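The structure appears right after this line, and notes come after that.
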Amino acid sequence: MFIAACALGGWVFDMLAHDQFVRTVGGEWGLAVTAAVTSFTGVALYVYGRRHASDFVSRREAMLAVALIWVFASVFGALPFVVGAGMSFHDALFESVSGLTTTGATVISDIETRLSRPMLLWRSLLQWLGGMGIVVLFVAVFPSIGAGGKHMFGEEVPGTSAEGLRPRIAETSRVLWQFYFAFTALEVLVLYSLGLSLFEALCHSLTTMS
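Sequential numbering of the sequence shown, starting at 101, is according to our numbering.
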């Protein structure tokens, strides 16, 4: 969870660093709060984890960790909408969960005028991260519980051995992310060449690729 929290915080800090790209105000404060909260939480979890480290993680612990990561990510993902867009927490949480689960549903009417560009980019990024998150979750969890993963990865024997599973999962996840990023970048270039602005091309690519 430390890695997940810090990764989310890193994404937000990166958006703040490139805020000139979106060329507007009205969402930066929400992103700054999210970056600070997620990074602080990540460090706290890291310190706690170092003190209670274990060489073996059971299947139950792994499933609990995955569930908590999704809960934490959904809550942290909602913060920019609350602080930067003035949304209620339950509406913001709905948007965050909708993005991370690639549902695509929204409670925001006239979204392009209601949300500033930083918030539109954040919403698109949540969907993009959720798209790959679902795939990586499927790859990582299903083979270990013997539920359909063997059909995707026939070379991996279903079982509970963390030693046998971890190297294959790490390699598979890395390759998936590389392809995901490459296809997204390619779509941005195609849409930009067809006349969309770079911002529009990026947002459309992030959401459609998910």
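All C-beta atoms, glycine included, are put in the ideal place defined by N, C-alpha and C. Keep in mind that this is a model prediction, so the values were computed, not measured.
Counted within 10 angstroms of its Cβ, other Cβ atoms place Arg150 as buried (16 or more) or exposed: Walking along the sequence shown from the start, residue 150 turns up at place 50. With fewer than 16 other beta carbons inside 10 angstroms of its own, Arg150 counts as exposed.
In three-state terms, what does DSSP make of Asp210? Here residue 210 refers to the residue found at position 110 of the sequence shown. DSSP places Asp210 in coil when its eight states are reduced to three.
Measure from the alpha carbon of Trp222 to the alpha carbon of each residue in Ser209, Leu179, Asp210, Val207, then state which is nearest. Translated into positions along the sequence shown, residue 222 becomes position 122. The option with the nearest alpha carbon to Trp222 is Leu179.
Rounded to the nearest angstrom, what separates Pro218 and Gly184 at their Cα positions? As a first step, residue 218 is located in the sequence shown; it is residue number 118 there, counting from the start. As a first step, residue 184 is located in the sequence shown; it is residue number 84 there, counting from the start. Answer to the nearest angstrom: the Cα atoms are 9 Å apart.
From what residue to what residue does the alpha helix (DSSP H) around Met309 run? The residue given as residue 309 occupies position 209 in the sequence shown. Taken as a continuous stretch (DSSP letters only), the alpha helix (DSSP H) holding Met309 covers 298-309.
Whole angstroms is fine: what's the gap from Ala162's alpha carbon to Leu298's? Within the sequence shown, the letter at position 62 stands for residue 162. Within the sequence shown, the letter at position 198 stands for residue 298. In this structure, the straight-line span from the alpha carbon of Ala162 to that of Leu298 is close to 40 Å.
Use the C-beta contact count for Ala282: other C-beta atoms within 10 angstroms, 16 or more gives buried, fewer gives exposed. Position 182 of the sequence shown holds residue 282. Here Ala282 is exposed. Its C-beta has fewer than 16 other C-beta atoms within 10 Å.
Just the C-alpha distance for Pro258 and Tyr280, rounded to the nearest angstrom, thanks. The sequence position of residue 258 within the sequence shown is 158, counting from 1. The sequence position of residue 280 within the sequence shown is 180, counting from 1. Confidence at Pro258 is low in this model, with a pLDDT of 41, below 50, so the placement of that residue should be treated as unreliable; the coordinate-derived value is given next. Straight-line Cα distance between these residues: approximately 25 Å.
Could you tell me which of Gly233, Ala167, Met309 sits nearest to Ser273, measuring between CA atoms? Locating residue 273 in the sequence shown gives position 173, where the first residue counts as 1. Just measuring C-alpha positions, the residue of Gly233, Ala167, Met309 sitting nearest Ser273 is Gly233.
To the nearest whole angstrom, what separates the beta carbons of Phe181 and Ala192, a pair I think is in contact under 8 Å? Here residue 181 refers to the residue found at position 81 when the sequence shown is read from its first residue. Here residue 192 refers to the residue found at position 92 when the sequence shown is read from its first residue. The C-beta separation of Phe181 from Ala192 comes to about 4 Å, placing the pair in contact by the 8 Å criterion.
Looking at the structure shown, is Thr201 part of a helix, part of a strand, or coil, going by DSSP? Start at 1 with the first residue of the sequence shown, and residue 201 comes out as number 101. Secondary structure at Thr201: coil, using DSSP grouped into helix, strand and coil.
From what residue to what residue does the alpha helix (DSSP H) around Gly177 run? Taking the sequence shown and counting its residues from 1, one reaches residue 177 at position 77. Segment 159-185, the alpha helix (DSSP H) holding Gly177.
Taking buried to mean at least 16 other C-beta atoms within 10 Å of its own C-beta, is Phe140 buried or exposed? Start at 1 with the first residue of the sequence shown, and residue 140 comes out as number 40. It counts as exposed.
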